[in-house]
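Heads up: the structure comes next, in structure tokens.
Protein chains: 2
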Amino acid sequence: MDQPQALDALAALANETRLQIVRLLVGRGHDGGCLRHSEAEDAGLAAGAIAQEVSISASRLSFHLNALEQAGLVAAERRGRQVFYRLEHRAMGGLIHYLLNDCCQGNAEVSACCQQGGAPQMRRA
Amino acid sequence: MDQPQALDALAALANETRLQIVRLLVGRGHDGGCLRHSEAEDAGLAAGAIAQEVSISASRLSFHLNALEQAGLVAAERRGRQVFYRLEHRAMGGLIHYLLNDCCQGNAEVSACCQQGGAPQMRRA
DNA sequence: TCAACACTTCATGAGTAATTGAAACGATGG
DNA sequence: CCATCGTTTCAATTACTCATGAAGTGTTGA
């Protein structure tokens, strides 16, 4: 992952609705991995189902899904009259890898906090 | 780290200039760790020095540093007539931890890509 | 082919972020 | 105490993002 892609992904994730969508899609669909169990469970989630879960209008959802897709974080696939969205797990992992190894240059302190849950006494904004 | 904090941090990082500042500050100052070598090297970077490195005006830099500070990603300390900024390594680590474990619920696929560098054949935006 | 369905795109308006230059603030040295 | 340097704050402009509802696109079944 390069910097422009990472910036897109960060901007896409810096939004409550889109973060909620990512949460919904994690574990609800793989992109060709060997962990596939059943077609239905691995297909991702239809746009309508997502809209219901996050309680937003169809057009608003489409806007946010488009932002996530532009950033490469989700992929869309049409099945009949529905469009299924699934998380691009590799892109998420790639972003985290980028933050950790490119931006933070593999800094040991960051890695340690990343594994242990971050700052114990972090102040609120 | 909770969601509002993570959203602030993501928004702060979703900017080329601020990402560049983070890069500059990584490894240039610890916040009380045991890895301290010398005062001068661990003090962080003065605002003027950062402005020179990233080639932006003083006021613009102040704006961006403020955004990073609000997000808890950097900390400021005045020394004489200069203000030194250093990265909050724990906040960076905490953000990455949040992405990995809260958003992605510790998903194995994401973790694997995160350690190995992400998508091998990721398409460009 | 026509109506219904699922979703996307478009047009519009409101809110928020980024940039710029000027002015203000705080610390230092003469 | 005054001039100066380093940095921050302010005001104004521009650009972008978000939200809303209406219109449009593609798919299915009668």
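Chains as they are written, first to last, in the numbering used here: chain A, 1 to 125; chain B, 1001 to 1125. Don't be surprised by glycine CBs; every beta carbon is placed ideally from N, CA and C.
If you measure beta-carbon to beta-carbon, which residues of the region 1083-1106 of chain B are closer than 9 Å to chain A? The region 1083-1106 of chain B vs chain A, Cβ under 9 Å: Leu1087, Glu1088, His1089, Arg1090, Ala1091, Met1092, Gly1093, Gly1094, Leu1095, Ile1096, His1097, Tyr1098, Leu1099, Leu1100, Asn1101, Asp1102, Cys1103, Cys1104 and Gln1105.
Could you list which residues in chain A have their beta carbon closer than 9 Å to that of B:Glu1127, in chain order? Residue 1127 of chain B falls outside the range modelled here, since chain B spans only 1001 to 1125, and no answer is possible.
Measure the alpha-carbon distance for B:Met1001 versus A:Gly117 and round it to whole angstroms. Roughly 8 Å between the two C-alpha positions.
Say whether the region 1047-1055 of chain B touches the region 1070-1086 of chain B, bearing in mind that this needs 3 or more beta-carbon pairs closer than 8 Å, one atom from each stretch. Judged by Cβ distances under 8 Å, the region 1047-1055 of chain B makes contact with the region 1070-1086 of chain B, as three or more pairs qualify.
Can you name, in chain order, every residue of its own chain whose Cβ lies under 6 Å from the Cβ of A:Glu148, other than the five neighbours on each side? A question about residue 148 of chain A goes unanswered here, because the residues of chain A that appear run from 1 up to 125.
Residue ranges of each alpha helix (DSSP H) run of no fewer than 4 residues wholly in the region 39-71 of chain A, ordered along the chain? Entirely contained in the region 39-71 of chain A, the alpha helix (DSSP H) runs reaching 4 residues are, in chain order, 39-42, 47-54 and 58-70.
Going by alpha carbons, who is nearest to B:Pro1004 out of B:Leu1065, B:Leu1045, B:Gly1027 and B:Gly1094? Ranked by how close their Cα comes to the Cα of B:Pro1004, the residues B:Leu1065, B:Leu1045, B:Gly1027 and B:Gly1094 have B:Gly1094 in first place.
Measure the C-alpha to C-alpha separation of B:Cys1113 and A:Val26 and round it to an integer number of angstroms. If you take the alpha carbons of B:Cys1113 and A:Val26, they lie about 14 Å apart.
Buried or exposed: which applies to B:Asn1066, given that a residue is buried once 16 or more other Cβ atoms fall within 10 Å of its Cβ? Under this definition B:Asn1066 is an exposed residue.
Among A:Ala43, A:Met92 and A:His97, nearest to A:Cys72 - alpha-carbon criterion: A small correction: the amino acid at residue 72 of chain A is Gly; Cys does not occupy that position in the sequence shown. The shortest Cα separation from A:Gly72 among A:Ala43, A:Met92 and A:His97 belongs to A:Met92.
Backbone CA spacing between A:Ser55 and B:Ser1111 [nearest angstrom]: Going by the C-alpha atoms only, they are around 29 Å apart.
What does DSSP give as the partner residues of B:Val1074 in its beta bridges? For B:Val1074, DSSP records a beta bridge to B:Leu1087.
For chain B, is any of its Cβ atoms less than 8 Å away from the one on A:Arg28? No - not a single Cβ of chain B is within 8 Å of the one on A:Arg28.
Here's a check: name, in chain order, each residue in its chain whose Cβ is nearer than 6 Å to the Cβ of A:Tyr98, leaving out the five neighbours to either side. In the same chain as A:Tyr98, and ignoring 5 residues on each side of it, the C-beta atoms closer than 6 Å to its own belong to Met1 and Ala6, in chain order.
Proximity to A:Ala43 [Cα-Cα], best of A:Ser57, A:Gln70, A:Asn15 and A:Val74: Of the candidates A:Ser57, A:Gln70, A:Asn15 and A:Val74, the one whose C-alpha sits nearest the C-alpha of A:Ala43 is A:Val74.
Using the Cα positions of A:Asn107 and A:Arg79, report the straight-line distance between them to the nearest angstrom. So the two alpha carbons sit approximately 44 Å from each other.
Three-state secondary structure (DSSP) at B:Arg968? Outside the displayed span of chain B (1001 to 1125) sits residue 968 of chain B, for which this structure offers no information.
Flag B:Glu1016 as yes if its beta-carbon sits less than 8 Å from any beta-carbon of chain A, otherwise no. Interface annotation, B:Glu1016: in contact with chain A, CB-CB separation under 8 Å.
Does chain A have any CB closer than 8 Å to the CB of B:Val1007? In the sequence under discussion, the amino acid at residue 1007 of chain B is Leu, which differs from the Val named in the question. Yes - at least one Cβ of chain A is within 8 Å of the one on B:Leu1007.
Put B:Arg1028 into one of helix, strand or coil per three-state DSSP. Coil.
Determine whether the beta carbon atoms of B:Leu1068 and B:Ala1012 lie at a separation below 8 Å. With respect to B:Ala1012, B:Leu1068 sits close: the two C-beta atoms are nearer than 8 Å.
What is the rounded straight-line gap between the Cα of B:Cys1104 and the Cα of A:Val22? When rounded, the distance between both Cα atoms is 8 Å.
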